[in-house]
Amino acid sequence: MPLVRIDIKKNPDATFAQKLGQVVYASMKQAINVPDKDNFQVLTEHDDNHFVYDPDYLGIQRTDGVVFIQITLNEGRSTEQKKLLYQTIAEGLNEEAGVRLEDVFISLVEVKKENWSFGSGLAQYAN
Amino acid sequence: MPLVRIDIKKNPDATFAQKLGQVVYASMKQAINVPDKDNFQVLTEHDDNHFVYDPDYLGIQRTDGVVFIQITLNEGRSTEQKKLLYQTIAEGLNEEAGVRLEDVFISLVEVKKENWSFGSGLAQYAN
Amino acid sequence: MPLVRIDIKKNPDATFAQKLGQVVYASMKQAINVPDKDNFQVLTEHDDNHFVYDPDYLGIQRTDGVVFIQITLNEGRSTEQKKLLYQTIAEGLNEEAGVRLEDVFISLVEVKKENWSFGSGLAQYAN
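Chains as they are written, first to last, in the numbering used here: chain A, 1 to 127; chain B, 1001 to 1127; chain C, 2001 to 2127.
Here it is as structure tokens:
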């Protein structure tokens, strides 16, 4: 169900974005019970002219290694669950992909469960 | 009003994505009464390293022909209307563009009607 | 907090999209009190086959210079504030970047304040 969009600056490793996506997926399974195999992602790399971040908003020091992660997912997770998700993603990206903790930017967009079709023209999560 | 984002794997036909978009637009008009001419879309093609889908989440067999469709639209459609939209899009993409029914992935993001400006700095849908 | 996505047709000036983004950021600070330095944007240019707009929906005459701006931001702004934001963005893009007023298309997606992590795996806006 989550649809994940990850945006980063161009990385010399063509598989780097995918590595980030794998960590995000594993973190969602671990922290907020996203089902196994529920993995759908769009990964995009940008040149310097098309990717904008502030290097110290809220006193957090960001670098060109910043990773924007926007996740569209079902509503209903508690603030505690969201906090655990942020921590799990940031620590995972740090440990598995060498991303600085300060460089992990996450935005959640919540939707109703009937707002998804996973194929065949059906609303698999609707009652 | 709907803003449609379609993401697919690179297709040899440069107009293929546009064809998909035309079907999505026609389906929205038919299934959920989107007004005539209300057609705004961003279409993006991705290489293998930047497009991730599970090949059988929920038992639905997906291929590299999978189409992600994310539609931002006004809130208020019923679950029945959403179901009709999913079915209309999937069948339309299948008939008009040869997309497998299982390869149609749809995500709806609902917003308030005052959340749009269609030009000239005005909120055309606000009271 | 706002995550801004700007989509335009390919522009010969590689810094044009960034110029648009600067105006959008300044407009958010001016019109809806977005904090200083709260500036995160993804800018994308598209060829003719991957960018679709209607040239006169609602009687507004649009050209290839149309600019799609989708802003994910915290919920709670009034309709009056949103109207002021639309006007400020459109006039700013017109004055600073030569965009026609009719070519400014804006979509807002509102989320809860605990739906953001600005780095370090924390939910900086959550209570």
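A virtual CB, placed ideally from N, CA and C, is assigned to each residue, including glycine.
1) Mind checking which residues open and close the alpha helix (DSSP H) that includes residue 2009/C?
2) Listed from N- to C-terminal order along the chain, which residues in the region 73-103 of chain A have their beta-carbon within a distance smaller than 8 Å of any beta-carbon of chain C?
3) Along the chain, where does the beta strand (DSSP E) containing residue 74/A start, and where does it finish?
4) Taking DSSP as the reference, what is the three-state secondary structure of residue 2084/C?
5) Using C-beta distances below 7 Å, list every residue in its chain close to residue 1966/C, excluding the 5 sequence neighbours before and after it, in chain order.
6) Is it buried or exposed, residue 1014/B, if we count other Cβ atoms within 10 angstroms and call 16 or more buried?
7) With DSSP as the reference, please indicate the residues paired to residue 52/A in a beta bridge.
8) Relative to the alpha-carbon of residue 2084/C, which residue among 2030/C, 2118/C, 2062/C and 2114/C has its alpha-carbon at the smallest distance?
9) Mark residue 2102/C as exposed unless 16 or more other C-beta atoms lie within 10 angstroms of its C-beta, in which case mark it buried.
10) When DSSP builds the beta bridges, which residues end up paired with residue 2105/C?
11) Near residue 2093/C, which residues of its chain fall below 7 Å by C-beta distance, leaving aside the five closest residues on each side in sequence?
12) Under the DSSP definition of a beta bridge, which residues are partnered with residue 117/A?
13) In chain B, what lies closer than 9 Å to residue 67/A by C-beta?
14) Hey, is residue 122/A's beta-carbon within less than 7 Å of any beta-carbon in chain C?
15) Taking 7 Å as the CB-CB limit, is residue 1039/B close to chain C?
16) Taking only the alpha-carbon atoms, compute the straight-line gap between residue 16/A and residue 60/A and give it to the nearest angstrom.
17) Indicate the three-state DSSP secondary structure (helix, strand or coil) for residue 23/A in the structure shown.
18) Residue 2114/C CB to nearest chain A CB: under 7 Å?
19) Taking the alpha carbon of residue 86/A as the point to measure from, which residue in 2026/C, 2118/C, 2106/C and 2036/C has its own alpha carbon closest?
20) Starting from residue 7/A, find everything on chain C with Cβ-Cβ shorter than 7 Å and list it in chain order.
21) Just the Cα atoms here: how many angstroms apart are residue 115/A and residue 1111/B?
By the coordinates alone:
1) Note, residue 2009/C: premise wrong, no alpha helix (DSSP H); beta strand (DSSP E) at 2003-2009.
2) 79, 82, 83, 86, 87, 88, 89, 90, 91, 101, 102 and 103
3) 67-74
4) helix
5) It is not possible to answer for residue 1966/C, since the shown part of chain C is limited to 2001 through 2127.
6) exposed
7) 2041/C
8) 2030/C
9) buried
10) 2068/C
11) 2020, 2023, 2067, 2099 and 2104
12) 1106/B
13) Under the 9 Å cutoff, chain B gives no residues; its nearest Cβ is about 14 Å from residue 67/A.
14) no
15) yes
16) 23 Å
17) helix
18) yes
19) 2118/C
20) 2042
21) 12 Å
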